[in-house]
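Asks: Residue numbers (the numbering used here): 397 to 656. Pasting a structure here, questions to come.
Structure (structure tokens):
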């Protein structure tokens with residue numbers, strides 16, 4: 397981290413540990429500084445170190461501070477009515493931002509990074525702390541949750557849900573690496589990591605509680621202690637099922653959903 401980011405992280409850790417450590421005005425100033433760094437992409441909720449993704453818990457703590465000191469108010473900046481914490485306005489975009497946001501109901505919260513060349517089809521929602529790399533497409537009805545990290549040239553098809561992980565602060569958010577294809581009506585939740593160039597077929601749901609079966613390599617991928625569910629680079633994942641082998645489930649011929 398830079399010296400400025402290190403100082404900001406230390407101040408946020410102090411304020412998060414003790415609500416009375418700083419006056420509200422100073423806490424709001426810290427959050428505004430954090431939000432500015434998130435907007436420009438110099439601060440991220442998770443970063444890649446070598447081949448491993450590492451969560452920056454202090455960033456999540458800082459976002460939660462924004463909720464703590466924010467006051468519910470009337471619209472801060474918008475052409476339509478809404479009521480939210482005054483610390484979380486909508487992101488202000490201009491033509492110089494270099495992206496295309498098609499009109500029709502999209503909302504982008506301030507405090508997220510959206511790279512040049514991104515296209516967002518309506519209606520979509522991008523939450524605070526998210527990072528979206530250049531050239532990525534978010535199709536209609538896409539949700540990008542808080543702190544989710546989406547790489548460059550990713551195609552997120554209509555109706556896909558990229559879950560947010562703001563709490564617990566030490567949990568890794570959902571990570572989508574570069575050039576991934578995410579099919580329509582998919583759901584990726586609970587800190588799953590999808591490595592580069594993977595394909596997640598339409599209707600697939602990835603969660604921390606559901607194993608993924610690799611029928612090509614004969615492997616089984618699961619979330620473990622300190623280890624996220626991870627989809628290998630270049631993998632193609634489709635909806636699947638596994639038979640229940642005991643009790644009434646077996647008697648009735650039932651199966652459980654599981655990605656393959």
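Every residue gets a Cβ at the ideal spot worked out from N, C-alpha and C, and that includes glycine.
Closest by CA to residue 579, which one among 569, 437 and 558?
Replies: Comparing Cα positions, the closest option is 558.
Asks: Is residue 411 near residue 403, with beta carbons less than 8 Å apart?
Replies: Against a cut-off of 8 Å, the Cβ pair of residue 403 and residue 411 comes out as no contact.
Asks: Grouping DSSP H, G and I as helix and E and B as strand, with all else coil, what is residue 409?
Replies: If DSSP states are grouped into helix, strand and coil, residue 409 belongs with the helices.
Asks: Rounding to the nearest angstrom, what Cα-Cα distance links residue 482 and residue 462 in this structure?
Replies: Cα to Cα, residue 482 sits roughly 9 Å from residue 462.
Asks: Considering just the uninterrupted stretch of the beta strand (DSSP E) at residue 636, what are its terminal residues?
Replies: Note, residue 636: beta strand (DSSP E), 635-639.
Asks: Using the C-alpha atoms, what's the distance from residue 584 back to residue 570?
Replies: Their backbone Cα atoms lie some 7 Å apart in a straight line.
Asks: Relative to the C-alpha of residue 623, which candidate in 637, 526 and 449 has its C-alpha closest?
Replies: Measuring from the Cα of residue 623, the nearest candidate turns out to be 449.
Asks: Suppose the cutoff is 6 Å on Cβ atoms and the five residues either side in sequence are ignored; what does the same chain contact list for residue 554 look like?
Replies: The answer, listed in chain order, is 535, 536, 537 and 580.
Asks: Just mark residue 523 as buried or exposed, buried being the case when its beta carbon has 16 or more other beta carbons within 10 Å.
Replies: Buried, since its Cβ has 16 or more Cβ neighbours within 10 Å.
Asks: Can residue 492 and residue 514 be called in contact, C-beta distance under 8 Å?
Replies: The answer is no: Cβ separation not under 8 Å.
Asks: What is the rounded straight-line gap between the Cα of residue 611 and the Cα of residue 628?
Replies: Each residue's alpha carbon lies about 13 Å from the other.
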